[in-house]
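Numbering-wise (our numbering), the sequence shown opens with residue 321 and increments by one.
A quick write-up on the structure given underneath.
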Amino acid sequence: MTEQATGAHHPQPRPRSGGQPSATVEYVTGAQSLIRSLEEVGAETVFGIPGGAILPAYDPMMDSTRVRHILVRHEQGAGHAATGYAQATGRVGVCMATSGPGATNLVTPIADAHMDSVPLVAITGQVASKAIGTDAFQEADICGITMPITKHNFLVTKAEDIPRTIAEAFHIASTGRPGPVLVDIAKDALQAKTTFSWPPQTDLPGYRPVTKPHAKQIREAAKLITSAKRPVLYVGGGVLKAGATAELKVLAELTGAPVTTTLMALGAFPDTHPQHVGMPGMHGSVTAVTALQKADLIVALGARFDDRVTGKLDSFAPYAKVVHADIDPAEIGKNRAADVPIVGDAREVIADLVQAVQAEHTAGHTGDYSAWWKDLNRWRETYPLGYDQPEDGSLAPQQVIQRIGQLAPQGTIFAAGVGQHQMWAAHFIDYDQPATWLNSGGAGTMGYAVPAAMGAKAGAPDRTVWAIDGDGCFQMTNQELVTCALNNIPIKVAIINNGALGMVRQWQTLFYNQRYSNTVLHSGPDASGKEPSAGTRVPDFVKLSEAMGCVALRCERPEDLDKVIAEANAVNDRPVVIDFIVHEDAQVWPMVAAGTSNDEVMAARGVRPDFGDSEDD
């Protein structure tokens, strides 16, 4: 299946800079101008909730045949839904909220989108321009609040500025390193009369993202690749953002180097490809973590040397030279010095690298990685991903997630919350296509999964969408299932219910002498000392989900697993929720403890890998 067919990369229509106004000039309100502008930039879906300051915009939206508004139950849901929509489709996600608390409820999803470089435009209402700064009812300085977590933001106080601002916001959000842009519009600007013409004259002095890499740097990188003995292609989410997965596969197969894809890049290179050695980082595969540690060359493509990947930074990859390619020059050298820095769009960088490596091959310079692959394959065979079945016959959460992945239709999109279930979903589902794995990587936002899955399904209605959630995460944003039920958005939700805040509990097990302070989500033993049923039962997730208009199922036994998943896959006219009661002591392995070196990776609890002597060490 082609990348285009999977919905991996559909570029947002770009507003033309400095274009001529259309022949027809209309006399409209600022609010009508806003909706017309959204239509012109190609915004098809808006997630939001009306309120006083934004209300003028909601009246003309009712008349639009091109913009679909989905009424969410909480503004946080609107923001995460817009993010899920953007990640699944490659288009700009749009959310809308009123002033004050409506706007501040968008802060978490805006921060989340900023960390994960997601193209997002958040439109908020603001109190009337003359009331700004007076502590008026429902006033909040949302531009000031979000300045550190947006790519850019705008405060609009004049109706005539609305089309230009919307055009600029979508351009900024979707070009260069993608990110969230906030447009805060005063209520009187929405109510005032103005003229509307399209395209507007845009003015973005100084905003010129570099997309074409420098040829000299490309040649230097190709020489390092062909002369290295232990290279690794370290692939980050920027490759997905650039729609560069096809180019990456060509480069990988041309070089023969191992590929590791970060949590944000799963699906950028097929998990099942023989050159894929897994995900790196704190809970990465032993082979991926060790490959980076023992590499003599790291080619970082759209990755940022995040602390969760590097572990203790001064001990990370001590033998490696670094080629670092990124569209954001601020990322290069930020955490790890680059021997060859390359600023450019990942698609153009990788395409040029392919040509440069081919030129090296033509000149007789080819890398010999046979000894390197001998080591890599030995580690892969010795320390594969795995899990133990609970001795009491209960469900292993890893098995639940693995079977969901195996039984899902081709092209299914998976959105995960944050915690143990997120790591298990990263490990035990194979991602062979781009835009099939959505998660909150940088911010680690609990409550992301359900609204993000909703947004993904709204943007890709013909695809199956599974949310893999925890019983803790689910209790933060499950009200968006009502939104799904009322708007014909039939997502499927798997609650990995272990009765605890699982990842925090794992840390308490390992580092806090099993003192489980405030991580237990169930009630504990009753007055008679009788232990409660396994998993969280208050609330009863089946009854709760049914009350929100969903089909709800519960699975507690391994022998029922496939039947229940098949039953969920067969329902396509409403949301489905399955409460999987799993063993509470299951843990995520491999693991590098926070603040330690990646050399101290543990394959399992109490199991430190023995790598022996590498032939090239």
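For each residue, glycine too, the CB sits at the ideal point set by N, CA and C.
Predicted, not measured: the structure shown is a model, and the values here were computed from it.
Run through DSSP, which three-state label would residue i get?
i	result
Gly598	strand
Val813	strand
Tyr268	Because the chain in this structure spans residues 321 to 937, residue 268 falls outside the shown range and cannot be described.
Thr565	helix
Cys870	coil
Ala691	helix
Asn961	Absent from the model: residue 961. The displayed extent of the chain is 321 to 937, so no value can be given.
Trp744	helix
Asp523	coil
Gln709	coil
Ala608	helix
Lys513	strand
Val447	coil
Trp518	coil
Trp699	helix
Gly822	helix
Leu633	helix
Tyr378	helix
His389	strand
CA-CA distance, residue i and residue j?
i	j	result
Gln795	Pro810	19 Å
Leu898	Glu395	As written in the sequence, residue 898 is Ile, which differs from the Leu given in the question. Distance between the alpha carbons of Ile898 and Glu395 is about 25 Å.
Gln964	Leu560	Residue 964 lies beyond the range of the chain shown here (321 to 937); nothing can be said about it.
Gly687	Arg550	9 Å
Ser477	Glu668	With the sequence shown as reference, residue 477 is identified as Thr, and Ser is not the correct amino acid for it. Distance between the alpha carbons of Thr477 and Glu668: 39 Å.
Phe367	Gly499	17 Å
Ala577	Ala906	34 Å
Gln678	His685	9 Å
Phe636	Gly926	22 Å
Trp827	Leu821	10 Å
Pro529	Gln719	44 Å
Phe457	Gly404	32 Å
Asp672	Arg628	29 Å
Ala512	Thr349	5 Å
Met435	Ala406	14 Å
Asn918	Gly604	10 Å
Val414	Ala442	6 Å
Ala611	Leu544	17 Å
Leu621	Asp646	6 Å
Val392	Val770	12 Å
Gly587	Ala755	7 Å
Ile469	Leu475	16 Å
Leu583	Met602	10 Å
His400	Gly737	11 Å
Leu715	Ser853	14 Å
Go through its chain and collect everything with a Cβ distance to residue i's Cβ below 6 Å, but skip five positions before and after it.
i	result
Pro370	Tyr378
Trp909	Ala924
His472	Ile492 and Val501
Pro590	Asp752
Ile462	Ala423, Thr444 and Asp504
Pro380	Ala351, Gln352 and Ile355
Gly767	Cys793, Met796 and Thr797
Glu702	First, the residue type needs correcting, since residue 702 is Thr and not Glu in the sequence shown. No residues qualify anywhere along the chain.
Ile452	none
Pro341	Low confidence applies here, because Pro341 scores a pLDDT of 47, under 50, leaving its location unreliable; read the following figure in that light. Closer than 6 Å at the Cβ level, and outside the excluded window around Pro341, lie Ser517.
According to the neighbour-count rule (16 or more other Cβ atoms, all chains shown, within 10 Å of its Cβ), is residue i buried or exposed?
i	result
Asp882	exposed
Ala343	Confidence in Ala343 is poor, its pLDDT being 49 and thus under 50, which makes the residue's placement unreliable; the coordinate value appears in the next sentence. By the neighbour-count rule (16 or more Cβ atoms within 10 Å), Ala343 is not buried but exposed.
Thr485	buried
Gly915	exposed
Arg835	exposed
Lys614	buried
Glu879	exposed
Gly775	buried
Gln675	exposed
Arg928	exposed
Asp712	exposed
Thr515	exposed
Glu800	buried
Leu841	buried
Asp634	exposed
Can you give me the Cβ contacts of residue i inside the same chain, cut-off strictly under 8 Å, excluding the 5 residues immediately before and after it?
i	result
Trp786	Ile724, Ala728, Thr732, Ile733, Phe734, Ala735, Ala773, Ile811, Lys812, Val813 and Ala814
Ala535	Asp672
Can you name, in chain order, every residue of its own chain whose Cβ lies under 7 Å from the Cβ of residue i, other than the five neighbours on each side?
i	result
Ala585	Val555, Gly556, Gly557, Val559 and Leu560
Val824	Thr839
(message) For the stretch 798-807 against the stretch 868-878, do three or more pairs of beta-carbon atoms, one drawn from each stretch, fall closer than 8 Å, so that the two count as touching?
(response) yes
(message) With three or more beta-carbon pairs closer than 8 Å as the criterion, would you say the stretch 760-779 touches the stretch 700-708?
(response) no
(message) Closer than 8 Å is the cut-off here; do at least three beta carbon pairs connect the stretch 351-369 with the stretch 743-754?
(response) no
(message) Does the contact criterion of 3 or more C-beta pairs under 8 Å hold for the stretch 567-575 versus the stretch 652-659?
(response) The stretch 567-575 vs the stretch 652-659: no contact.
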